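Shown next, in structure tokens, is the structure this report addresses.
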Ligand code: B12
């Protein structure tokens, strides 16, 4: 691994929100592709953080400061990730489902969707089914993007889809889902229109769901 990528990785691990953006800028200046900085530097570090949490080495505060450092780095990377070649069209309403506060993955998906030309309404985290339903009812979006990082909040994806059905709006919007514990199998089970394992494949999926 390039030394600068290792420094970004270490910066996210130790939660150094002041250093990570500086290092990300340095990596960009050195010509390292934004996707490499994201995947090998930042996402790799978050995966290690998750593992250490599982093993009882890290606790919630450590996860939180790592997340802050990652978000600081992402802010620098955002304009580079958003450089689109071909513009897609479509309006997406995105959010992390009710009970769930994880937003880094959802934010990345939103960034890349915007970069690809989609109009994105980001409802944030802990979003109740009713909020998604309201946006679809008002005709403001054609695609719902649901994120969940907890096995305990995944059922709120199903609840959102069921809510759309009950409101007679299921035909008005496609639904795509994602997040670390989510699988294609789960998407099939709950009647979602698609699943993607990462943000770039989320964009490809969104384009195909919108018929592009
Ligand atoms: C950072 C973090 C936190 C931070 C979140 C800060 C924030 N602003 O997001 C804080 C400290 C708040 C937190 C809290 C908790 N967390 Co936490 N957290 C994590 C951690 C380390 C990283 C998550 C992350 O950001 N990953 C990086 C991003 C880029 O990846 P991603 O989210 O998976 O997203 C990608 C894909 O999944 C996909 N994607 C994501 N969303 C969508 C949506 C669509 C539509 C599509 C198509 C694709 C897609 O694209 C993304 C980009 O490639 C994970 C470990 C892990 N490996 O996931 C644990 C983890 C998710 N947390 C966990 C737990 C247990 C908790 C707590 C319950 C801890 C506690 N005891 O309080 C709380 C719950 C709080 C709540 N109500 O939500 C567990 C979940 C276990 C489980 N299976 O349910 C994990 C897996 C850690 C572990 N190994 O045990 N956490």
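Residue numbers (the working numbering): 1 to 212.
Backbone N, C-alpha and C define an ideal beta-carbon position, used for all residues, glycine too.
Since we're looking at a predicted model, the values are computed, not measured.
Discussion item. For a quick check, are the C-beta atoms of residue 173 and residue 122 less than 8 Å apart?
Written reply: Locating residue 173 in the chain shown gives position 173, counting from the first residue. Locating residue 122 in the chain shown gives position 122, counting from the first residue. For residue 173 and residue 122, no; Cβs fall outside 8 Å.
Discussion item. Give me the residue from 109, 168, 64 with the minimum Cα distance to residue 206.
Written reply: For the purposes of this step, residue 206 is taken as the residue at position 206 of the chain shown. When each option's Cα is compared against that of residue 206, the closest is 109.
Worksheet entry | beta strand (DSSP E) segments (min. 3 residues) lying fully within the region 92-122 | 119-122
Worksheet entry | Assigned exposure category for residue 51 - 16 Cβ within 10 Å defines buried | Residue numbering aside, residue 51 sits at position 51 when the chain shown is read from its first letter. Exposed, since its Cβ has fewer than 16 Cβ neighbours within 10 Å.
Fill in: Helix, strand or coil at residue 13 according to DSSP, with G and I counted as helix
As a first step, residue 13 must be located in the chain shown, where it is residue number 13. Three-state result, residue 13: helix.
Practice prompt. Output the boundary residues of the beta strand (DSSP E) element that contains residue 44.
Written response: On the chain shown, position 44 is the one that residue 44 refers to. Run containing residue 44: none in the beta strand (DSSP E); it sits in the alpha helix (DSSP H), 44-54.
Worksheet item: Do the region 35-51 and the region 5-16 touch if we need at least three Cβ pairs shorter than 8 Å?
Response: Output reads yes: the region 5-16 touches the region 35-51.
Worksheet item: Run through DSSP, which three-state label would residue 145 get?
Response: Taking the chain shown and counting its residues from 1, one reaches residue 145 at position 145. Strand.
Discussion item. Distance check for residue 203 and residue 35, CA to CA, integer angstroms please.
Written reply: Translated into the one-based positions of the chain shown, residue 35 becomes position 35. Translated into the one-based positions of the chain shown, residue 203 becomes position 203. Rounded to whole angstroms, residue 35 to residue 203 spans 14 Å at the Cα level.
Worksheet item: If we call anything under 8 Å between Cβ atoms a contact, is residue 93 one with residue 118?
Response: For this step, residue 93 is matched to residue 93 along the chain shown. For this step, residue 118 is matched to residue 118 along the chain shown. No, the pair does not count as a contact, with Cβ atoms beyond the cut-off.
Item to complete: Can you tell me which of the three DSSP states residue 140 falls into?
Response: Within the chain shown, numbered from 1, the residue matching residue 140 stands at position 140. The answer is coil: DSSP assigns residue 140 none of H, G, I, E or B.
Worksheet item: From residue 81 to residue 186, what does the alpha carbon distance come to, in whole angstroms?
Response: On the chain shown, position 81 is the one that residue 81 refers to. On the chain shown, position 186 is the one that residue 186 refers to. Approximately 29 Å, taken between the alpha carbons.
Fill in: Rounded straight-line distance, which links the Cα of residue 71 to that of residue 153
Walking along the chain shown from the start, residue 153 turns up at place 153. Walking along the chain shown from the start, residue 71 turns up at place 71. Roughly 23 Å separates the two Cα atoms.
Practice prompt. Would you mind sorting residue 188 into buried or exposed? The rule is 16 or more other CB atoms within 10 Å of its CB.
Written response: To locate residue 188, count along the chain shown from 1; it is residue 188. Flag for residue 188 reads exposed.
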